[in-house]
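Inspection log for the structure reproduced underneath, given as structure tokens.
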């Protein structure tokens with residue numbers, strides 16, 4: 001509401017008549033006007049309502065299965081009807097086509113059963129809504145996913161900002177809030193969960209969407225389709241845990257895809273047909289054994305170069321393998337052969353929860369000599385792998401050669417005089433390398449000359465992918481919303497900043513950094529305090545209300561149409577003052593540009609009141 005106060009500062013009380021029946025004072029003729037804005041106590045703000053309803057989900061206890069139901073009754077009756085044929089199937093086994101063994105085939109069957117058991121009138125999300133959401137999350141599903149081997153990160157623009165400015169701004173914001181990059185898959189998922197919770201059935205709709213999302217993740221893993229909308233590379237520990245898990249799954253898909261492609265290429269070079277396995281998964285990927293080896297090309301290499309006789313077979317043992325490139329200036333100490341940098345395995349990527357688990361295990365080993373030795377051995381898997389790769393690439397090398405490449409500071413060179421008095425440079429291992437029982441010496445002695453492609457994998461993509469998929473499958477809707485809270489707060493703050501940039505409100509611009517700082521402290525904790533987060537949401541709602549008031553005032557004073565007249569600048573200053581100050585003087589009173597608009601507003605309000613009385 002607008003409250004208008006009119007003032008006659010130079011009139012004496014005795015020369016005017018002003019009572020309930022008659023008044024000489026005409027507000028339009030008053031020399032001074034002042035206006036104040038009365039604000040609604042609880043304004044209806046859609047963004048705030050979205051956030052409040054989303055926060056309520058964090059307190060729910062039900063699992064996805066409890067919310068949606070398993071549909072087990074129909075399955076049990078179907079299985080019971082077929083039990084009479086069980087013995088005949090056992091006594092007369094038939095060949096099972098390999099595609100039927102594919103987990104991706106099982107996933108599609110499960111998806112069909114889920115949709116069949118849940119009638120349309122029972123489904124929280126209609127097929128049209130669900131398909132539109134999935135297409136928004138996975139736009140590559142509308143085209144051939146195999147067209148590109150790179151995961152795409154959607155690019156966009158919001159609020160008229162340049163891509164470079166927005167990228168810099170968002171990078172700082174998602175890092176501060178521990179959310180995820182703007183418009184990536186995790187960010188979009190958070191928006192969709194918030195949307196279906198508010199408009200399409202609450203927690204049941206969220207559970208339905210999450211179930212479909214997990215099935216899509218399983219399908220992509222089984223069929224080597226990279227997950228759209230995730231940055232390439234290992235999990236980014238600056239982001240929320242759910243984003244890290246999705247990145248980890250993408251890493252697994254990349255590794256499995258590279259391994260399968262390498263095997264096909266090697267088989268093609270030898271003129272052999274590629275091994276026929278399930279369309280969804282290579283047979284090597286099924287192994288969970290600790291003895292699994294990284295053998296992309298080992299079988300093909302053995303077929304490509306069979307030893308002709310025993311002598312050649314013996315000589316092949318010293319043939320260098322797995323060379324990446326010459327070092328450049330180093331040669332082996334025991335020969336004049338150049339030192340080659342080997343092809344090595346990349347360290348296994350990890351999410352923050354796995355890193356914490358490892359840290360706890362290592363900490364429990366204690367500070368004893370035995371515990372320290374065991375801790376060192378547990379941490380030396382990558383070192384041992386690199387040593388084996390180095391030995392394979394440089395036959396006849398020594399530990400000193402490896403140290404010169406791997407840790408140059410541990411190889412000390414000094415000038416000494418030889419027998420004839422000439423100055424020569426001699427090198428030796430550092431003092432820490434000569435300590436009895438040194439881990440490096442033990443690892444070097446146990447390392448075999450094995451190229452990276454034949455070593456046991458440091459990163460077992462199959463095991464890690466199944467671990468991630470299981471983690472996703474057991475998340476309750478409340479767990480999901482807790483994971484996505486940073487992304488939702490991130491999106492809400494970006495929306496407020498975008499709207500503020502249009503309206504140019506100094507008070508909002510000043511408070512936003514305070515809200516970000518407060519939210520950052522809460523969201524970076526392992527288990528954020530929901531009560532304190534509610535305060536943050538109330539702050540965002542207050543900012544939204546301020547923006548809405550600014551927009552309403554601008555519309556009332558004719559500033560919302562984008563047209564600029566001679567009085568536009570004065571009116572914009574007047575509206576800004578109304579938002580910032582408790583009471584604002586109207587320049588020119590009733591004869592000024594703001595005064596004439598205020599007069600029209602009161603006239604129209606009076607007409608509306610009169611018509612409603614009639």
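In full-length UniProt numbering, the protein residues as written are 1 to 614. Ideal placement from N, C-alpha and C gives every residue a C-beta, glycine not left out.
Cβ distance (whole Å) where residue i is taken to contact residue j below 8 Å
{"i": "residue 359", "j": "residue 396", "result": "About 39 Å separates the two Cβ atoms, so there is no contact after all."}
{"i": "residue 190", "j": "residue 587", "result": "Not quite, the Cβ-Cβ distance comes to about 47 Å (not below 8 Å), so this is no contact."}
{"i": "residue 464", "j": "residue 248", "result": "6 Å"}
{"i": "residue 331", "j": "residue 342", "result": "Residue 331 to residue 342, Cβ: 16 Å. No contact."}
Residue i (DSSP reduced to helix, strand or coil)
{"i": "residue 18", "result": "strand"}
{"i": "residue 67", "result": "helix"}
{"i": "residue 259", "result": "helix"}
{"i": "residue 33", "result": "strand"}
{"i": "residue 196", "result": "helix"}
{"i": "residue 550", "result": "helix"}
{"i": "residue 426", "result": "strand"}
{"i": "residue 211", "result": "helix"}
{"i": "residue 471", "result": "helix"}
{"i": "residue 4", "result": "strand"}
{"i": "residue 225", "result": "coil"}
{"i": "residue 38", "result": "coil"}
{"i": "residue 506", "result": "helix"}
{"i": "residue 594", "result": "helix"}
{"i": "residue 585", "result": "strand"}
{"i": "residue 524", "result": "coil"}
{"i": "residue 495", "result": "helix"}
{"i": "residue 435", "result": "coil"}
{"i": "residue 104", "result": "Caution applies to residue 104, whose pLDDT of 49 falls short of 50 and renders its modelled position unreliable; the value that the coordinates give is listed next. Helix."}
{"i": "residue 599", "result": "helix"}
{"i": "residue 535", "result": "helix"}
{"i": "residue 572", "result": "helix"}
{"i": "residue 180", "result": "coil"}
{"i": "residue 10", "result": "coil"}
{"i": "residue 264", "result": "helix"}
{"i": "residue 519", "result": "helix"}
{"i": "residue 126", "result": "coil"}
beta-carbon residue i near the ligand SAM non-hydrogen atom, thresh 6 Å
{"i": "residue 224", "result": "By its list of ligands, the structure shown contains no ligand whatsoever, and the ligand SAM lies outside what it can speak to."}
Opposing strand residues paired with residue i [DSSP bridges]
{"i": "residue 331", "result": "338"}
{"i": "residue 417", "result": "423"}
{"i": "residue 325", "result": "341"}
{"i": "residue 23", "result": "18"}
{"i": "residue 411", "result": "429"}
Residues near residue i by beta carbon distance below 7 Å, same chain, minus five either side
{"i": "residue 482", "result": "58"}
{"i": "residue 601", "result": "2 and 556"}
Residue nearest to residue i in terms of C-alpha spacing, selected from the options
{"i": "residue 62", "options": "612, 475 and 554", "result": "475"}
{"i": "residue 255", "options": "241, 65, 123 and 232", "result": "232"}
{"i": "residue 181", "options": "9, 235, 131 and 326", "result": "235"}
{"i": "residue 387", "options": "375, 407 and 373", "result": "407"}
{"i": "residue 351", "options": "246, 324, 345 and 258", "result": "246"}
{"i": "residue 409", "options": "420, 416, 424 and 429", "result": "429"}
{"i": "residue 380", "options": "447, 404 and 320", "result": "447"}
{"i": "residue 403", "options": "417, 384 and 420", "result": "384"}
{"i": "residue 411", "options": "423, 39, 431 and 394", "result": "431"}
{"i": "residue 141", "options": "531, 551, 227 and 556", "result": "227"}
{"i": "residue 207", "options": "480, 581 and 493", "result": "480"}
{"i": "residue 373", "options": "437, 591, 264 and 573", "result": "437"}
{"i": "residue 449", "options": "17, 389, 51 and 265", "result": "389"}
{"i": "residue 221", "options": "590, 606 and 462", "result": "462"}
{"i": "residue 125", "options": "52, 168 and 210", "result": "210"}
{"i": "residue 65", "options": "424, 492 and 473", "result": "473"}
{"i": "residue 392", "options": "348, 318 and 369", "result": "318"}
{"i": "residue 427", "options": "590, 355, 399 and 605", "result": "399"}
{"i": "residue 53", "options": "503, 439, 485 and 498", "result": "485"}
{"i": "residue 69", "options": "195, 198, 193 and 204", "result": "204"}
{"i": "residue 354", "options": "242, 262, 420 and 413", "result": "242"}
Cβ-based neighbour list, residue i, same chain, cut-off 8 Å, excluding 5 preceding and 5 following
{"i": "residue 546", "result": "505, 507, 508 and 579"}
{"i": "residue 238", "result": "174, 175 and 178"}
{"i": "residue 536", "result": "489, 515, 518, 519 and 522"}
{"i": "residue 293", "result": "In this prediction, residue 293 has a pLDDT of 46, which is less than 50 and means its spatial position is unreliable; what the coordinates show is noted afterwards. Counting only Cβ-Cβ distances below 8 Å, and skipping sequence neighbours, we find 454, 455, 456 and 457."}
Other residues of its chain near residue i: CB distance less than 6 Å, five sequence neighbours each side excluded
{"i": "residue 515", "result": "539"}
{"i": "residue 524", "result": "178"}
{"i": "residue 188", "result": "137"}
{"i": "residue 6", "result": "27, 30 and 33"}
{"i": "residue 326", "result": "338 and 340"}
{"i": "residue 574", "result": "594"}
{"i": "residue 39", "result": "none"}
Short CB-CB distance (under 7 Å) between residue i and chain D
{"i": "residue 2", "result": "In the structure shown, chain D does not exist; there is a single protein chain."}
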